[in-house]
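Asks: Heads up, the sequence shown is in the numbering used here, so the first residue is 231 and it goes up one at a time.
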Amino acid sequence: MSVVNFPTSAERVARGWHTSGLKQLTGACAAAVASGDAAGWEIGETETGDPQLYVMGPPPDHECILVISRLGRLYVVEDGKGEVLFEHDNPM
231 MSVVNFPTSA
241 ERVARGWHTS
251 GLKQLTGACA
261 AAVASGDAAG
271 WEIGETETGD
281 PQLYVMGPPP
291 DHECILVISR
301 LGRLYVVEDG
311 KGEVLFEHDN
321 PM
């Protein structure tokens with residue numbers, strides 16, 4: 231039997247997002263979560279290790295409705311279908 235250790239939340243943040251930047255982005259999503267337009271968010275990364283934040287849609291599907299990626303100093307915001315909505319060095 232193999233045991234796979236999944237990273238803790240703190241380890242996932244340390245992989246690419248700075249705590250202050252992550253708080254800023256999740257804070258911007260808070261209104262959508264509070265209104266029920268979004269269910270929450272998850273942290274991930276691109277194939278090359280760049281940090282990503284996925285905003286998940288409401289139940290029952292919980293589809294990804296927004297992706298924010300940080301590629302170096304550039305932030306790329308995409309809708310859930312992969313269409314680029316915004317690119318800038320400041321996500322706000």
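Beta carbons are placed, not taken as given, at the ideal position from N, Cα and C, and that holds for glycine. All of these numbers come straight from a predicted model, not from anything done at the bench.
Considering only their Cβ atoms, is the gap separating Pro281 from Gly257 smaller than 8 Å?
Replies: The answer is no: Cβ separation not under 8 Å.
Asks: Does Gly270 come out as helix, strand or coil in the three-state DSSP assignment?
Replies: Looking at Gly270 - three-state DSSP - the assignment turns out to be strand.
Asks: What's the gap between the Cα of Trp271 and the Cα of His248?
Replies: Their Cα atoms are separated by approximately 16 Å.
Asks: Taking 8 Å as the threshold (C-beta atoms), are Ile298 and Ala268 in contact?
Replies: Not closer than 8 Å, so no.
Asks: Opposite Ile298 in the DSSP bridges: which residues?
Replies: The partner list for Ile298 (beta bridge, DSSP) reads Leu283 and Val307.
Asks: Would you kindly work out how many angstroms separate the C-alpha atoms of Ala244 and Leu304, rounded to a whole number?
Replies: Confidence is the limiting factor: at Ala244 the pLDDT is only 43, short of 50, which leaves the residue's position unreliable and the question unanswerable from this model.
Asks: Could you compute how far the alpha carbon of Asn250 sits from the alpha carbon of Pro290?
Replies: According to the sequence displayed, residue 250 carries Ser and not Asn. Whole-angstrom Cα-Cα distance: 31 Å.
Asks: Give me the residue from Met322, Val307 and Tyr284 with the minimum Cα distance to Gly274.
Replies: That would be Tyr284, whose Cα lies nearest to the Cα of Gly274.
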